[in-house]
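J.:
Chains as they are written, first to last, in full-length UniProt numbering: chain A, 1 to 292; chain B, 1 to 292.
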């Protein structure tokens with residue numbers, strides 16, 4: 001079911017969000033109340049952080065984004081120092097593994113209660129070498145929203161990393177039905193957005209481009225990390241409005257995320273996309289913490 | 001936190017969805033695994049069923065809708081006979097209460113596992129007499145989707161009752177910020193849809209009307225029940241395409257749902273709507289099982 005080295009930390013949170021205590025518990029024991037709003041309403045936020053030999057990657061941006069998501073959901077502001085310690089504790093426990101990950105979850109708590117629920121689950125990563133080297137196929141799917149939805153309708157929580165991912169999971173199943181490995185969302189007004197659990201990076205005219213974050217998507221922590229690295233390598237980067245037509249002239253593309261890292265895209269719907277094996281390997285060496 | 005008579009039933013489900021066993025457990029003990037996809041992805045479906053003196057209301061339509069939601073999420077088909085027994089067992093335990101409710105949840109299960117998770121939570125209802133007699137204020141909020149989204153983009157799961165309700169909860173908070181009690185969604189192409197946890201019924205020209213179900217909304221079990229009752233009372237009913245402009249000439253409106261029953265709407269945004277106290281009382285007497 002899960003890796004034998006899996007780690008589960010349960011947090012005792014004050015109504016303010018303050019981390020009062022942390023307990024490492026048996027990962028197989030039931031941990032959540034049946035009325036926890038995480039389970040009954042998907043009403044909470046999360047982050048998944050990569051761990052390279054005990055070192056959490058891009059921890060500060062992940063915690064910043066957790067706080068941003070929590071604010072969008074009117075949750076208590078997460079106690080970032082407390083959460084940082086929890087992540088490090090899980091990372092320490094998994095320090096013997098080349099690659100691992102930890103998911104941190106902050107929910108609104110048990111329905112009718114006065115305090116949020118928090119937990120952290122960590123385990124060694126699966127082997128993503130096929131996705132990272134051979135690449136993945138993606139299917140373009142309508143996200144149903146206009147690209148300005150975060151501004152016009154903030155209650156739709158576009159740009160918050162919530163636990164309500166049923167549509168993301170359904171989109172991925174639809175992509176698989178279409179013979180692809182992952183989905184890539186497009187807004188109703190024709191802008192490429194993001195995947196269900198990954199950001200898009202495309203190479204257009206020698207520039208690494210990713211969709212602007214004001215189109216109702218999550219700002220990518222891995223994408224940002226990658227762009228800093230690229231800049232250091234002399235590869236130009238930019239945020240851009242990207243249409244499905246733009247994708248047709250991309251000479252390389254990647255879906256980037258915290259755990260799978262940079263998966264080169266080898267097809268978008270029926271169109272093959274070249275895989276830049278050398279650049280993909282360099283990206284993944286960096287993201288895995290094997291190079292600086 | 002919850003009523004002392006609360007009841008929690010945990011189901012042992014086979015990979016096929018078959019109910020193998022049911023255990024009544026301590027409602028306060030942790031019940032769910034930290035990797036349950038209900039809690040990490042909002043990846044499951046639910047129903048909330050009203051119980052009047054031990055009698056589950058409209059049980060068959062609720063179970064039918066559970067099966068429909070499960071199919072939209074590619075979940076194993078729920079074992080409806082098994083679930084019916086679970087609901088009746090919880091209802092029996094709550095039979096001493098005038099009004100109670102039970103929420104049944106079917107999730108995709110623990111991530112990486114091969115079987116769904118199921119549970120049922122029941123407890124006596126809160127007192128909704130103020131909402132049922134004085135009425136509620138609703139705020140119109142953009143749902144962000146076109147009304148044809150269920151047909152064009154089924155992966156968005158419009159019309160499935162999923163656990164991914166973070167936006168529904170956020171919409172209700174936004175309604176409260178606007179001085180209202182509940183939200184009422186409108187499609188981007190100008191059709192009135194549903195509330196976060198309730199269906200709309202309006203009286204237009206002497207006819208009780210509710211939005212057509214092909215606009216990406218949940219078919220309302222309580223609304224359907226109410227329309228059958230209304231027909232028996234000689235009150236005409238119909239499904240209709242309803243615009244915000246139509247709401248302005250409604251001479252009565254209700255938000256109807258399984259537990260709160262029929263809450264008359266006394267204002268939509270800034271416009272007052274007349275409350276038909278007599279008809280509201282008759283509706284709620286019927287929905288509470290106090291009349292046939």
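Glycine is no exception: its CB is placed at the ideal position from the N, C-alpha and C atoms.
Leaving aside the five residues before and after residue 40/B along the sequence, list all residues of the same chain whose C-beta is less than 6 Å from its C-beta, in chain order.
T.: Walking along the second chain from the start, residue 40/B turns up at place 40. Contacts found: none.
J.: Given 8 Å as the limit, is there contact between the stretch 200-207 of chain B and the stretch 237-257 of chain B, that is, 3 or more CB pairs closer than that?
T.: Contact holds: three or more Cβ-Cβ distances are below 8 Å.
J.: Note down, in chain order, each residue of its chain lying with its Cβ closer than 6 Å to the Cβ of residue 268/B, except the 5 sequence neighbours on either side.
T.: As a position in the second chain, residue 268/B is number 268, starting the count at 1. For residue 268/B, where only same-chain residues beyond five positions count, the Cβ hits under 6 Å are 138, 247.
J.: For a quick check, are the C-beta atoms of residue 52/B and residue 85/B less than 9 Å apart?
T.: Along the second chain, read from residue 1 onward, the residue named residue 52/B stands at position 52. Along the second chain, read from residue 1 onward, the residue named residue 85/B stands at position 85. Their beta carbons are not under 9 Å apart, which means residue 52/B does not touch residue 85/B by this criterion.
J.: Report all residues from its chain with a CB closer than 7 Å to the CB of residue 48/A; omit the five preceding and five following residues, and keep chain order.
T.: As a working note, residue 48/A is residue 48 in the first chain. Closer than 7 Å at the Cβ level, and outside the excluded window around residue 48/A, lie 101, 103, 258, 259.
J.: Below 8 Å, how does it come out for the stretch 185-193 of chain B and the stretch 236-243 of chain B: are there three or more Cβ pairs, yes or no?
T.: With the cut-off at 8 Å, the stretch 185-193 of chain B and the stretch 236-243 of chain B touch.
J.: Between which two residues does the alpha helix (DSSP H) holding residue 244/A run?
T.: Locating residue 244/A in the first chain gives position 244, where the first residue counts as 1. Looking at the DSSP string, the run of the alpha helix (DSSP H) that includes residue 244/A is 244-248.
J.: Is the beta carbon of residue 150/B sitting closer than 9 Å to the one on residue 214/B?
T.: Here residue 150/B is taken as the residue at index 150 of the second chain, counted from 1. Here residue 214/B is taken as the residue at index 214 of the second chain, counted from 1. Yes, they are a contact pair.
J.: Taking all protein chains shown into account, decide if residue 130/B is buried (16 or more other Cβ within 10 angstroms of its Cβ) or exposed.
T.: Numbered from 1 along the second chain, position 130 holds the residue referred to as residue 130/B. Counting Cβ neighbours within 10 Å, residue 130/B comes out exposed, since fewer than 16 surround it.
J.: Going straight from the alpha carbon of residue 185/B to that of residue 142/B, what length do you get?
T.: The residue you call residue 185/B lines up with position 185 of the second chain. The residue you call residue 142/B lines up with position 142 of the second chain. Each residue's Cα considered, the two are about 6 Å apart.
J.: Say whether chain A places a C-beta atom closer than 9 Å to the C-beta of residue 169/B.
T.: Indexing the second chain from 1 puts residue 169/B at position 169. Yes - at least one Cβ of chain A is within 9 Å of the one on residue 169/B.
J.: Anything in the stretch 131-149 of chain B with a Cβ closer than 9 Å to a Cβ of chain A? List those residues in chain order, please.
T.: Under the 9 Å Cβ criterion, the stretch 131-149 of chain B contributes 141, 142, 143, 144, 145, 146, 149.
J.: CB of residue 224/A to nearest heavy atom of the ligand GDP: below 8 Å?
T.: As presented, the structure is devoid of all ligands, the ligand GDP included, so that no description of it is given.
J.: Can you confirm whether residue 174/A, when its beta carbon is compared against all beta carbons of chain B, has any partner nearer than 9 Å?
T.: By 1-based counting over the first chain, the position of residue 174/A is 174. True, the Cβ-Cβ gap to chain B drops below 9 Å.
J.: State the DSSP-derived secondary structure class of residue 194/B, mapped to helix, strand or coil.
T.: Taking the second chain and counting its residues from 1, the one referred to as residue 194/B is at position 194. Three-state DSSP puts residue 194/B in coil, outside helix and strand.
J.: Let's test the definition: count the other Cβ atoms within 10 Å of the Cβ of residue 236/A and tell me whether it reaches 16, buried, or not, exposed.
T.: Translated into the one-based positions of the first chain, residue 236/A becomes position 236. With fewer than 16 Cβ atoms within 10 Å of its Cβ, residue 236/A is classed as exposed.
J.: Measure the alpha-carbon distance for residue 78/B versus residue 38/A and round it to whole angstroms.
T.: Looking up residue 78/B in the second chain gives position 78. Looking up residue 38/A in the first chain gives position 38. Taking the straight line from one Cα to the other gives about 22 Å.
J.: For residue 273/A and residue 279/A, I'd like the C-alpha separation in whole angstroms.
T.: Translated into the one-based positions of the first chain, residue 273/A becomes position 273. Translated into the one-based positions of the first chain, residue 279/A becomes position 279. If you take the alpha carbons of residue 273/A and residue 279/A, they lie about 14 Å apart.
J.: Cβ atoms of residue 153/B and residue 187/B: under 9 Å apart, would you say?
T.: Stepping through the second chain from its first residue, residue 187/B is reached at position 187. Stepping through the second chain from its first residue, residue 153/B is reached at position 153. It is not a contact, given that the beta carbons lie outside the stated cut-off.
J.: Nearest-angstrom Cα distance between residue 199/B and residue 116/A?
T.: Reading the second chain from its first residue, position 199 is the one you call residue 199/B. Reading the first chain from its first residue, position 116 is the one you call residue 116/A. For residue 199/B and residue 116/A, the distance between alpha carbons rounds to 29 Å.
J.: Under 8 Å Cβ-Cβ, which residues of chain B neighbour residue 31/A?
T.: In the first chain, residue 31/A corresponds to position 31, counting from 1. Those are 30, 32, 33, 34, listed as they occur along chain B.
J.: Which chain A residues are close to residue 210/B, counting only those with a beta carbon under 7 Å from its beta carbon?
T.: Residue 210/B sits at position 210 when you count from the first residue of the second chain. Those do not exist, as residue 210/B stays about 23 Å from chain A at its closest Cβ, beyond 7 Å.
J.: Taking the straight line between their C-alpha atoms, what separation do you get for residue 221/B and residue 227/A?
T.: Along the second chain, one-based indexing puts residue 221/B at 221. Along the first chain, one-based indexing puts residue 227/A at 227. Those two C-alpha atoms are separated by around 51 Å.
J.: Are residue 167/B and residue 16/A close, meaning C-beta to C-beta below 9 Å?
T.: Start at 1 with the first residue of the second chain, and residue 167/B comes out as number 167. Start at 1 with the first residue of the first chain, and residue 16/A comes out as number 16. No, the Cβ-Cβ distance between residue 167/B and residue 16/A is not below 9 Å.
J.: For residue 180/A, which residues of its own chain have a beta-carbon under 7 Å away from its beta-carbon, when the five flanking residues on both sides are left out?
T.: One-based indexing of the first chain puts residue 180/A at position 180. Same-chain partners within the cutoff: 137, 138, 139.
J.: Whole angstroms are fine: how far does the CA of residue 123/B sit from the CA of residue 110/B?
T.: In the second chain, counting from the first residue as 1, residue 110/B sits at position 110. In the second chain, counting from the first residue as 1, residue 123/B sits at position 123. Going by the C-alpha atoms only, they are around 26 Å apart.
J.: Below 6 Å CB to CB, which residues in the same chain sit around residue 93/A once its five sequence neighbours on both sides are set aside?
T.: Numbered from its first residue, the first chain carries residue 93/A at position 93. Taken in chain order, the residues that qualify are 7.
J.: Looking only at its own chain, which residues have a Cβ that is under 7 Å from the Cβ of residue 161/A, when we skip the five neighbours before and after it?
T.: For the purposes of this step, residue 161/A is taken as the residue at position 161 of the first chain. Excluding residues within five positions, the ones whose Cβ falls inside 7 Å are 45, 46, 47, 65, 69, 218.
J.: Alpha carbon to alpha carbon, how far is residue 238/B from residue 270/B?
T.: By one-based count along the second chain, residue 238/B stands at place 238. By one-based count along the second chain, residue 270/B stands at place 270. Answer to the nearest angstrom: the Cα atoms are 27 Å apart.
J.: Within 10 Å of its beta-carbon, does residue 340/B have 16 or more other beta-carbons around it, so buried, or fewer, so exposed?
T.: Chain B is shown from 1 up to 292; residue 340/B falls before or after that span and cannot be answered.
J.: Which same chain residues, not among the five before or five after residue 121/A, have their C-beta less than 6 Å away from its C-beta?
T.: Translated into the one-based positions of the first chain, residue 121/A becomes position 121. Result list for residue 121/A: 8, 103, in chain order.
J.: Under three-state DSSP, which class holds residue 278/B?
T.: Within the second chain, the letter at position 278 stands for residue 278/B. Three-state result, residue 278/B: helix.
J.: Roughly how many whole angstroms lie between the Cα atoms of residue 249/B and residue 80/B?
T.: The residue labelled residue 249/B in the question sits at position 249 within the second chain. The residue labelled residue 80/B in the question sits at position 80 within the second chain. Approximately 42 Å, taken between the alpha carbons.
J.: Using the beta-carbon of each residue, which ones in chain A are nearer than 7 Å to residue 8/B?
T.: Locating residue 8/B in the second chain gives position 8, counting from the first residue. What residue 8/B touches in chain A: 34.
J.: Find the nearest neighbour of residue 276/A within the set 289/A, 286/A, 262/A, judged by alpha-carbon distance.
T.: To locate residue 276/A, count along the first chain from 1; it is residue 276. Among 289/A, 286/A, 262/A, the Cα nearest to that of residue 276/A is on 262/A.
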